[in-house]
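Shown next, in structure tokens, is the structure this report addresses.
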Amino acid sequence: MIYLHLFVTFFQIGLFTIGGGYAMIPMIQDEVVKNGWLTMGELVDFIAVGESTPGPFAVNIATYIGSVTGGFFGALCATVGVVLPSFLIILLIAKWFTAFGDNRLVRGALTGLRPAVVGLIAAAAFSIACSNLISLEHVAGPADLPNSINRIGLLVFVPLLIFTLKKKPHPILLILISAGAGIALCCLRDLLI
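Position 89 of the sequence shown, counted from 1, bears residue number 770 in this note's numbering, the numbering being contiguous throughout.
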């Protein structure tokens, strides 16, 4: 039954998400946490791995979640589920888009969808940033907030954000720098404790 559940869940995610893998993150987050397949922390780790491995992000994340949840066949069901809607839609678009591509209603719909995709990606980025930089489960009130901040995360995030905004480095370079900085800061913290 888990295989069918994985397939249907990821089929729905693939069908109703417009804008690619990053736009899928809010739906994946809702479904995965709601179904108890992963914790938010585990999902964030999977997102990092899915982003840093070769291949389409949506396929990577579906495969990882399916594998953890249902082994090989879980990975297969989740992956086929997330890919199948796009495959079917592209077949339809290839047949019909040439006829309707210049239609003002079609162009208007696509123009309206672009900002929505930006909003979905921004919301996902904000959610992931909050879950990585602030540990809200230990916050009972405003006085606890300073102790809930992930200082190592901030020490990696802020300089890399500034570096990214100024230099526009290749994503692989950012991944290598952030992994190295995280390792170095964790080792330094362990030495000081």
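Backbone N, C-alpha and C define an ideal beta-carbon position, used for all residues, glycine too. Quick caveat, the model's predicted, so the values are computed rather than measured.
query	result
Within the same chain, show all residues whose beta-carbon is closer than 6 Å to that of F754, passing over the 5 residues directly before and after it, in chain order.	Y684
Would P737 pass as a contact of G702 if the rule is Cβ separation under 8 Å?	yes
Which same chain residues end up closer than 8 Å to L835 when comparing Cβ atoms and leaving out the 5 residues on each side of it in sequence?	L814
From G747, L869, F844 and L724, pick the residue whose C-alpha is nearest to that of I706; which is it?	L724
Could you pull the start and end residues of the alpha helix (DSSP H) that K849 belongs to?	From DSSP, K849 is part of no alpha helix (DSSP H); its letter is neither H nor E.
Expressed to the nearest angstrom, what Euclidean distance is found between the alpha-carbon atoms of M682 and G751?	10 Å
Work out the CA separation of Y745 and F727 for me, nearest whole Å.	7 Å
Between V839, P852, P796 and A862, which lies nearest to T734 when the distance is taken from Cα to Cα?	P852
L857 and V837 - do their beta-carbons sit closer together than 8 Å?	no
Quick check for students: name the residue ranges of the beta strand (DSSP E) that lie wholly in the segment 688 to 750, counting only runs of 3 or more.	none
Grab the span of the alpha helix (DSSP H) containing L786 for me, first residue to last.	R785 to L814
Here's a check: name, in chain order, each residue in its chain whose Cβ is nearer than 7 Å to the Cβ of T760, leaving out the five neighbours to either side.	V740, A743, T744 and G747
Quick one: is A824 buried, meaning 16 or more other Cβ sit within 10 Å of its Cβ, or exposed?	exposed
Could you name the residues of the same chain whose beta carbon sits closer than 8 Å to that of S808, not counting the 5 residues immediately before and after it, in chain order?	I706, P707 and Q710
Please classify G722: is it buried, with 16 or more other beta-carbons within 10 angstroms of its beta-carbon, or exposed?	exposed
With a cut-off of 8 Å on the beta carbons, I'd call P766 and G695 a contact; round off their distance for me.	4 Å
Would you decide whether V713 is buried or exposed? Buried here means 16 or more other CB atoms lie within 10 Å of its CB.	buried
Less than 7 Å between C-beta atoms, sequence neighbours within five positions excluded: which residues of the same chain meet that for T698?	A704, M705 and M708
For I830, list the residues DSSP reports as bridge partners.	I815
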